[in-house]
Amino acid sequence: MNFTPMLAWWQWAILAAIPPLIVLLYFLKLKRQPLEVPSTYLWSRTIEDLHVNTIWQRLRQSLLLFLQLLLVLLVILACFRPNWRGSKLTGSHFIFLVDTSASMSATDLPQTRLEQARQEALRYINQMASGDAAMIISCSDVAKVEQPFTRNRALLRAKLAEIQPTQRATDFGEALRYAAGLANPSHTRLEGEDQVDEAQPATLYMVTDGGIAPITNFSLGNLEPVFVPVGGSGPRNVSIASFTAERNPEKPGQTQAFARLENHGAEDVAIDIFLELDGNVIDAAKVTIPAGGSAGADFALQEVENAALRLRIDSDDDLAADNVAYAALNTPRQAEVLLVSPFTTNDPLQLALTTSNAAKLANVRVAGPEYLKDKQYRQDADGGTFDLIIYDQCAPEVMPQANTLFIGSVPQLETWSAGEPQGPVFIVDTDRVHPLMQFLELGKLRIYEGFAVDPPEGATVLIDSQLGPLFCIAPRQGFEDAVLGMTIRGVKDDGSVQPNTDWPIRRSFPVFALNLVRYLGGSRGALANTGVRPGQPMEIRAHSPVEQVTVRSPGGQSTTVRREGQNSFLFTRTETPGVYEVREGTSQEVAQRFAVNLFDSRESNLAVAPELTFPYEKVAATTGSEATRRELWKWLLLLGLCVLVFEWYVYNRRVYL
Amino acid sequence: MSISASQQPLLSPQLLHQLERLELVSRKIFRGRMKGERRSRRKGQSVEFADFRNYVAGDDLRFIDWNLYARMDRLFLKLFLEEEDLHFYALIDASSSMDFGDPTKLQFAKQLAAALGFVGLCRADRVKIESLGASRQRPGPVLRGRRSLWRMLEYLDGVEPGQNVPLDQAIKDFCLRNSGKGILVLITDLMDKGGYEHALRFLLAQQMDVYLIHVLSPEELDPDVKGDLKLVDCEDSDVAEITVSRPLLQKYKQTLAAFIDGAREFCTRRGMTYLMTSTETPVEQLVSNYLRQRGLVR
């Protein structure tokens, strides 16, 4: 409580003189007017009766004096302008965007960050004036409208309390689009209110720790962003950034497990790591991780198949979710690859597909173009026997139920088309991120002739040339079609075979073949499934043609998934990190496993961001409310008015003696 | 031009005309001193026949009924009703407290005393009107007959307020000087801080037919006062400070009602007739209605 006197000293002096003046006037008032009466006989007897309760009478007599003094006291107090610091929300429409990502489960505060976020949002809701409307969106990498715009603050509080934490990453994109769409009241109907046609700006309160992916392709428009940071200072966290298990290529029969650990704290830490196989600790290590740095750890295991590995670090940090990682080891399964090529012998591609490494992953069959008209081919193609079919300078009439790679030809679909062959071709750019293009060095590749590929919408250009897209990949009903706009070897008019490129003699060619088998052949998870992050869909490929698979979550909950494409099943309930078991058909045997891990450095890094970056502006962390001075003088004057009215009533009713 | 109530003549011709038909009535038998117009239970000389009785020696031969002697050969004496006068006293409280109201209580008391005295004079009663406390300095004249009306009015005109004598003292004086029996009408406001009980007991001892007419002004019955006041008693300058309020006024009225009830009860228990009246009540109405009901006049 502060006081801000607003009068000069002489004004105070005048004000201070009023109470003594009132008392003086009160005594003057008591100078009674004399009145001669026939006899005071009856009056004296009357007064004697009333003087029985003299004290009370005196009090009642002084009631007016008390009321007048009280009035002056209130006015003086009002002149002191008593006030206290308060806060006030700006605007009348509010959107509370509450982060529920994994990092919000951190315990660097006395409570979890989500709990703190709830309290922050609650604080704002409590500051809302009557008539203000608000909505609540919870978001991780997906957004959920917990409560559309309403003026019912009780409802907002209830919905706020229902927000649950998730193990997901943070992506505000979807939530912001929700907010932008709902910020315009013309699209939103208030509960119990008529539709508001006029667009009104809304204040967007983002209650988060700021560990979010950069926000792109978003315009705030009518939204007034306010970043309400949640989190303590100097959080400590050691996380498992990645964990994989693979067969040791040098020592057959051995399995290697790799882990990478990150220290997001400000101090170096020494951490004990424990590797568990099906619940039993099989290995342990101790690593020292510098502050803000990372360290690796590897474990050599004996031949392990069809098992679940769990890596655990013994760290008492602020986020427990990233202290455990899982890896699923599955029985290797060779991909079935069909190479349809005019060159059935001595073909570089065939050679590349049958290297010792590739042979472990895939079983390659080679057939000539005439095989496409074979009944057996149609049966196999339609039945999904092959994981990958490579069409070298030929194309099927009907697209098979398999992934495809077209070399020097395009699928006979309206969506694909090819340009005129031209040469030479120079590679302009390559997509190094795509699994098909990993570890490929194509800078000095010579290509004598090629054509631009015009892929359908949604396709990814993997190699760009001066002619246009040279190598593209596009999805097709659960499968993917890759088209390479050049041949490896061509046939001249005289029937002789002539290389079209020097790629087969380069080192990148067998790597490309291996990528091909791994990616399009579906052999990525032959041993160690790469797994997914919490909340991301997992595509399961069944080993045998079954109608449904049953997925058992780490929590023991079984979910039946029906077939999406050819032997492809999409499982979406990957909320909980851990190892998920897949059973095919009605079999009780675990056919394969996959792991769900957090593996998100952004979530593991618990440092609270100082600002949020939007495409055109940066929003610094703020308290979100204007500090205002809550004044008391209005209430004091109102009270004084009430006292005045009461005093007037008392005077007129003469309820005193 | 209006004349204030105090300046009006005490008895208007209409009132006199009305009063001529009335007479004073006493509930007690009193022996008059002189012959009057009032029939007495005693037999005496008048024109009104009462009874016969046997002649005994020594009777006045003038009253023997000779006709009866002729018929019955016995002597009978004719008895006639005696007519006597009545002693009527009117005592007026002329203290300062009576000088309030419009008309003043004193004026009202004078009017009332004059009216009753006129009734007595018309019936040849012995009428004596006196102001309290004036027994020594200015004793009231004894009046008889209509001719004395002007003397009576003259005396009343001379009665001035301000004769502040304690009630009991004044009545005691009166009783000592007037031992005769008769009707006594005491017209007062009873505003004596010494109380009225002792004074009335003197009258009881005289065995008089006492009528107490309690006169109060409207200002006393329903005071119209406001604010903070210092009330000064006009007689003894006693002061009472009041702040007028509704509860106080209610309490005053309760006290007044208790005072009036107390006086009425005191009088009733002791055979006295009590009548409380406001100065607003016309004297004609008071005499012809209320006093008639009470049996003072008929």
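From first to last, the protein sequence lines are chains A and B.
With my numbering, the residue at position 469 of the first sequence is 1015, and numbering never jumps.
With my numbering, the residue at position 58 of the second sequence is 40, and numbering never jumps.
Virtual Cβ for every residue (Gly too), placed ideally from N, Cα, C.
Every value quoted in this text rests on a predicted model; they were computed, and no experiment measured them.
* With M54 of chain B as the anchor, note down where its alpha helix (DSSP H) starts and where it stops. => W48 to M54
* For a contact meaning CB atoms closer than 7 Å, what does A222 of chain B contact in chain A? -> Correct list: T586, W589, S590 and I593.
* Out of curiosity, what's the CA-to-CA distance linking R578 of chain A and V226 of chain B? -> 11 Å
* Asked: Given that R669 of chain A touches chain B, what residues does it touch there, using C-beta distances under 7 Å?
  -> Under the 7 Å cutoff, chain B gives no residues; its nearest Cβ is about 55 Å from R669 of chain A.
* To do: Could you check what DSSP says for N146 of chain B in three-state terms: helix, strand or coil?
  => coil
* **Closest by C-alpha distance to R1109 of chain A, when choosing among A:P1100, A:T1096, A:T1120 and A:R1119** => A:T1096
* Three-way DSSP call (helix, strand, coil) for G778 of chain A in this model -> It is coil, neither helix nor strand.
* Asked: From C625 of chain A to Y572 of chain A, what distance separates their C-alpha atoms?
  -> 24 Å
* Asked: Residue range of the beta strand (DSSP E) that S840 of chain A falls in?
  -> S840 to Q848
* To do: Could you tell me which of A:E808, A:N809, A:S963 and A:A908 sits nearest to L1060 of chain A, measuring between CA atoms?
  => A:A908
* Asked: In whole angstroms, what is the alpha-carbon distance linking A787 of chain A and A803 of chain A?
  -> So the alpha carbons of these two residues sit roughly 14 Å apart.
* Starting from the beta carbon of R211 of chain B, find every residue of chain A whose beta carbon is closer than 8 Å, and list them in chain order. => The displayed chain sequence assigns Leu, not Arg, to residue 211 of chain B. Neighbours of L211 of chain B on chain A, chain order: R578, Q579, P580 and L581.
* When DSSP labels each residue in this structure, what does H980 of chain A get in the three-state scheme? -> coil
* chain A residues whose Cβ lies nearer than 7 Å to that of M173 of chain B -> P584, S585 and Y587
* In its own chain, which residues sit with a C-beta less than 8 Å from the C-beta of E1093 of chain A, not counting the 5 before and 5 after it? -> Hits under 8 Å: R1108, R1109 and G1131.
* Determine, using beta carbons only, whether F82 of chain B comes closer than 8 Å to chain A. => yes
* To do: Use the C-beta contact count for W1181 of chain A: other C-beta atoms within 10 angstroms, 16 or more gives buried, fewer gives exposed.
  => exposed
* Asked: Considering only C-alpha positions, which residue in the set A:N698, A:R714, A:V688 and A:A759 is nearest to A725 of chain A?
  -> It is A:V688.
* **Beta-carbon proximity check, V644 of chain A vs A663 of chain A, cutoff 8 Å** => yes
* What's the C-alpha gap between F34 of chain B and F62 of chain B? -> 9 Å
* DSSP bridge partner residues for L61 of chain B (one or two, in chain order) -> B:D33
* Asked: Nearest CA to the CA of L1158 of chain A: which residue from A:L570, A:Y751 and A:R714?
  -> A:Y751
* Asked: Which residues does DSSP pair with C685 of chain A in a beta bridge?
  -> A:D645 and A:A689
* Whose C-beta lies closer than 6 Å to the C-beta of D678 of chain A among residues of the same chain, with five residues either side of it excluded? -> If we look at D678 of chain A and ignore the five residues flanking it on each side, its Cβ neighbours are S638.
* **Cβ contact check for the region -7 to 10 of chain B and the region 104 to 119 of chain B: 3 or more pairs under 8 Å** => Touching, yes.
* Asked: Under the criterion of a Cβ to heavy atom distance below 7 Å, does I564 of chain A qualify as lining the ligand MG?
  -> What this structure holds is no ligand at all, so the ligand MG is not there to describe.
* Looking at C-alpha atoms only, which residue of B:D84, B:H(-1) and B:A91 is the closest neighbour of I195 of chain B? -> B:A91
* Asked: So M340 of chain B packs on S585 of chain A, CB below 8 Å; how close in whole Å?
  -> Within the shown structure, residues of chain B are numbered from -17 to 280, placing residue 340 of chain B beyond reach of any answer.
* **Runs of beta strand (DSSP E) wholly within the region 1051 to 1101 of chain A (minimum 3 residues, chain order)** => 1084 to 1087 and 1094 to 1098
* A1072 of chain A to L1013 of chain A span [Cα, whole Å] -> Low per-residue confidence applies at A1072 of chain A: pLDDT is 44, beneath 50, and the placement is therefore not dependable, though the value from the model is reported in the following sentence. Distance between the alpha carbons of A1072 of chain A and L1013 of chain A is about 37 Å.
* To do: Take every Cβ of the region 1118 to 1134 of chain A, pair it with every Cβ of the region 1044 to 1059 of chain A, and state whether three or more of those distances are shorter than 8 Å.
  => no
* Identify, in the order they occur along the chain, each residue of the same chain with its Cβ nearer than 8 Å to the Cβ of K832 of chain A, setting aside the five sequence neighbours on each side. => A816, I817, D818 and I819
* To do: With distances taken Cα to Cα, identify the nearest neighbour of Q896 of chain A among A:K1164, A:N949 and A:V1063.
  => A:V1063
* Other residues of its chain near G965 of chain A: CB distance less than 6 Å, five sequence neighbours each side excluded -> F997 and A998
* **Buried/exposed call for W630 of chain A, threshold 16 Cβ in 10 Å** => exposed
* Exposed or buried, which one is V265 of chain B when buried takes at least 16 other CB atoms within 10 Å? -> So V265 of chain B counts as buried.
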